[in-house]
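Asker:
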Amino acid sequence: MTGLSLAFIVAALALGVFSSLSFLWQWLVGGASRISSMLALVAAGTAAVRLYVYLRRCAPQAPARLGAGWMLLGTACGAAGYWYARLAAGAPHGGWDAWAIWNLHARFLYRGGPAWKDLFDPALGWSMNAYPLLIPGLVDGVWKILGSEAQAVPAVIAGLFAMLAIGITSSGVSAITEDRRAWLAGLVLLGTPSFLLLSSAQMADAPLSVYMLATVVLLRFAEVWPQARTPMLALAGFAAGCAAWTKMEGLVFVAVVFGGLLILAAAQGTWRDYWKDGLRIASGAAPMLILVLSFRAFLAPPGDMLLDSAAIERMTTLARYPVAASAFAKEFAGFGAALGGVHPGILASLLLLWAIGRAKGCFSALRLLVFPILMLGAYFTIYIVTPYDLAWHLEYSLDRLVLHVWPAAVFVAATVHCRRGQ
Amino acid sequence: MKRLLLRWSTPARIAVVLTLCVLTFNEFIFARLVSSDGVLDPRTLWSIRLGQAALALAAVSLALKRPVIIAFVIAAASAVNLSVFSKQVETTITDWTISEGPLRELRQLLPPDCRVGYISDEAPWTSNAATKRYYLTQYALAPLVVELGPAQEWVVGAFRTFDPGSVPPDLTVVRDFGGGLVLFRRLH
Chain A
0 MTGLSLAFIV AALALGVFSS LSFLWQWLVG GASRISSMLA LVAAGTAAVR LYVYLRRCAP
60 QAPARLGAGW MLLGTACGAA GYWYARLAAG APHGGWDAWA IWNLHARFLY RGGPAWKDLF
120 DPALGWSMNA YPLLIPGLVD GVWKILGSEA QAVPAVIAGL FAMLAIGITS SGVSAITEDR
180 RAWLAGLVLL GTPSFLLLSS AQMADAPLSV YMLATVVLLR FAEVWPQART PMLALAGFAA
240 GCAAWTKMEG LVFVAVVFGG LLILAAAQGT WRDYWKDGLR IASGAAPMLI LVLSFRAFLA
300 PPGDMLLDSA AIERMTTLAR YPVAASAFAK EFAGFGAALG GVHPGILASL LLLWAIGRAK
360 GCFSALRLLV FPILMLGAYF TIYIVTPYDL AWHLEYSLDR LVLHVWPAAV FVAATVHCRR
420 GQ
Chain B
0 MKRLLLRWST PARIAVVLTL CVLTFNEFIF ARLVSSDGVL DPRTLWSIRL GQAALALAAV
60 SLALKRPVII AFVIAAASAV NLSVFSKQVE TTITDWTISE GPLRELRQLL PPDCRVGYIS
120 DEAPWTSNAA TKRYYLTQYA LAPLVVELGP AQEWVVGAFR TFDPGSVPPD LTVVRDFGGG
180 LVLFRRLH
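Read top to bottom, the protein sequences are chains A and B.
Quick note on numbering: numbering that gives the first Met the number 0 labels position 371 of the first sequence as 370, and the sequence is numbered without any gaps.
Quick note on numbering: numbering that gives the first Met the number 0 labels position 29 of the second sequence as 28, and the sequence is numbered without any gaps.
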């Protein structure tokens, strides 16, 4: 499954490259058209194929063992796909935030012609027009290639990212553990109703979770495949950069990646490795970070989260902490349970137990939990300093933020217990 | 942490921990955590029972050293959760459905490079319906910028009930699309 996991990851990264090239053409060259989008697609596709061939040579080959479990996962994917398609056909514009933010931005890029920068008009502040443009750029690029504003495009792209989340999780676990946990991990993700609903909402949260997942998987690959360490770390950086181009929280995630590595280096006393690895990750993240920072500096209006004196005052208001902590506890307890069914957290724990019950091993991948935990810690801090009403902000966004780290957490739970020597 | 996990990773010990989890994963704790009034939705109760069953089966699986039971539990629970998603689909479609209908027609009447004003008998952000009306107008009319107030030459009115007397006198009706949607133009 090594090849398949690399293919899924490279596909996710190629989508990021296509989106940024389409956008860069519109921004720097101007007059983006079907031809410019086709060129962007060809460039992203060619780069993806070359990268895949290179990675296949670097990474060890693990034979694919398809059995009844994989057929079960395939059947579950088919069932989820059917219901997803029904939802997309019934509500083609997606959830509220999809049409009020992401699809609206895509319409500005596609319909706007030379006036596409009106997207950043202060009158549109409510549509979060400072948000980065991976998803709108992707939708706009495909619309330009098709030559029409087909409403199915955002839904198809959202479905593609949901598929990539399940594909990267299960094939990534398979590449490392080579046992049943791989398809079980896919089933755990498919068995998270809120994740499927979030994916069908056509918002940028599910793609963000895919890039966070890809980063964590690539960091793990870098650990278990020393011969491919450099490209895996650089790609992990690139995936984190794509997360930053997807949503503002992605920029926080880039900081979390470096912060997490710093904590691990401090715990293990491997400072020299930290600087080397940090440099490799930074070199991978650089292209997307340059794009995001240029976008923030030259195009986007100022964001809504500023570290000013008011934010510091909110940070020192102790009454905000129990409110946020209680909302987090409520979210973890009700995660999935609010919709009925089995709590997905229990399923992820069972995934861990399945391996523990089978064989003696080690917990070398446990350290990767630092990334989802730090990310949740960062979200907690953001809620403390948020300029919005805290209760309102928590109610309307916390469920989505927890889902950002969910695929990565499932991957870590599935791969925590591994054979000695990995 | 690693040492602790290794020390505790014998199946029998974990089975004991799981049994304790079954006992503590109950409606009394949930009622405190997820419900503001201490009353749980029947779906949440059902979810707790399913969770307890899954944990109990996992404990049996570890005690008997039959991990295949855990695989079975995960597969069965995922099937249950998928059916939960399928049941949500119809409700979600109703919640998410929007119609641009007459706004598309209205867009054809506007010049291609203007700013559009927006007036209503219910200010945006005072209710969900009012916010949705404003956002939907902007979504349908993009790439034109729709700004609040009647200051522009072209103004879109999205009313619950259209009352011509409540509109500024220098605005003339270009077309009434029905359903409270009206296009105005300022008289110079």
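We treat Cβ as the ideally placed atom computed from N, Cα and C, and that holds for glycine.
1) Are Arg-106/B and Leu-140/B closer than 8 angstroms when you measure CB to CB?
2) Do the CB positions of Leu-102/B and Leu-44/B come within less than 8 angstroms of each other?
3) Does the separation of the CB atoms of Val-253/A and Ala-284/A fall below 8 angstroms?
4) Give me the DSSP bridge partner(s) of Asp-120/B.
5) Can you say whether Arg-56/A is buried or exposed, counting buried as having 16 or more other CB atoms within 10 angstroms of its CB?
6) Just to confirm the assignment, what range does the beta strand (DSSP E) spanning His-157/B have?
7) Let me see if you follow: with CB-CB separation under 8 angstroms, is Thr-380/A close to chain B or not?
8) Between which residues of its own chain and Ala-58/A is the CB-CB distance below 6 angstroms, once the five residues before and five after are set aside?
9) Mind checking whether Phe-160/A and Ser-198/A have CB atoms under 8 angstroms apart?
10) Just verifying my parser: in three-state terms, what is the DSSP assignment at Glu-146/B?
11) At the 8 angstroms Cβ level, is Arg-174/B part of the contact set with chain A, yes or no?
12) Could one say the Cβ of Ala-90/A lies closer than 8 angstroms to chain D's Cβ atoms, at least one of them?
13) Report the residue from Asp-36/B, Leu-143/B, Tyr-138/B and Pro-167/B whose alpha carbon sits nearest the alpha carbon of Asp-149/B.
14) Is the CB of Asp-204/A under 8 angstroms away from at least one CB in chain B?
15) Return yes when the Cβ of Ile-8/A is within less than 8 angstroms of the Cβ of Ala-213/A, no when it is not.
16) Does the beta-carbon of Met-70/A have 16 or more other beta-carbons within 10 angstroms, so that it is buried, or is it exposed?
17) Going straight from the alpha carbon of Arg-419/A to that of Ser-126/B, what length do you get?
18) Taking the alpha helix (DSSP H) that Phe-84/B falls in, what are its first and last residues?
19) What's the C-alpha gap between Ile-167/A and Thr-385/A?
20) Give me the residue from Asp-36/B, Asn-25/B and Phe-161/B with the minimum Cα distance to Gly-177/B.
21) For Lys-64/B, which of Trp-353/A, Gly-236/A, Asp-276/A and His-342/A has the nearest alpha-carbon?
22) For Phe-194/A, which three-state DSSP category applies?
23) Name the one or two DSSP bridge partners that Phe-183/B has.
24) Report yes if the CB atom of Leu-373/A is closer than 8 angstroms to the CB atom of Gly-259/A, and no otherwise.
25) Could you give the DSSP three-state label for Gly-68/A: helix, strand or coil?
Answerer: In terms of the structure at hand:
1) It is a contact, given that the beta carbons lie within the stated cut-off.
2) No, the pair does not count as a contact, with Cβ atoms beyond the cut-off.
3) Cβ distance < 8 angstroms, so Val-253/A and Ala-284/A count as in contact.
4) Per DSSP, none; premise fails for Asp-120/B.
5) exposed
6) Before going on, a small fix: residue 157/B reads as Ala here, not His. Ala-157/B -> beta strand (DSSP E) spans 153-157.
7) no
8) Thr-1, Trp-224 and Ala-227
9) If you check the CB distance, Phe-160/A and Ser-198/A come in under 8 angstroms.
10) strand
11) No, Arg-174/B lies away from the interface with chain A (no Cβ there is under 8 angstroms from its Cβ).
12) Reference to chain D is not applicable here, since the protein chains of this structure are A and B.
13) In the sequence on display, residue 149/B carries Pro and not Asp. Closest in C-alpha terms to Pro-149/B, from the list Asp-36/B, Leu-143/B, Tyr-138/B and Pro-167/B, comes Pro-167/B.
14) no
15) yes
16) exposed
17) Below a pLDDT of 50, predicted positions are generally treated as unreliable, and Arg-419/A, at 47, falls in that range; the measurement from the model is reported next regardless. For Arg-419/A and Ser-126/B, the distance between alpha carbons rounds to 59 angstroms.
18) 67-95
19) 33 angstroms
20) It is Phe-161/B.
21) Nearest option by C-alpha distance: Trp-353/A.
22) helix
23) Val-154/B and Val-172/B
24) yes
25) helix
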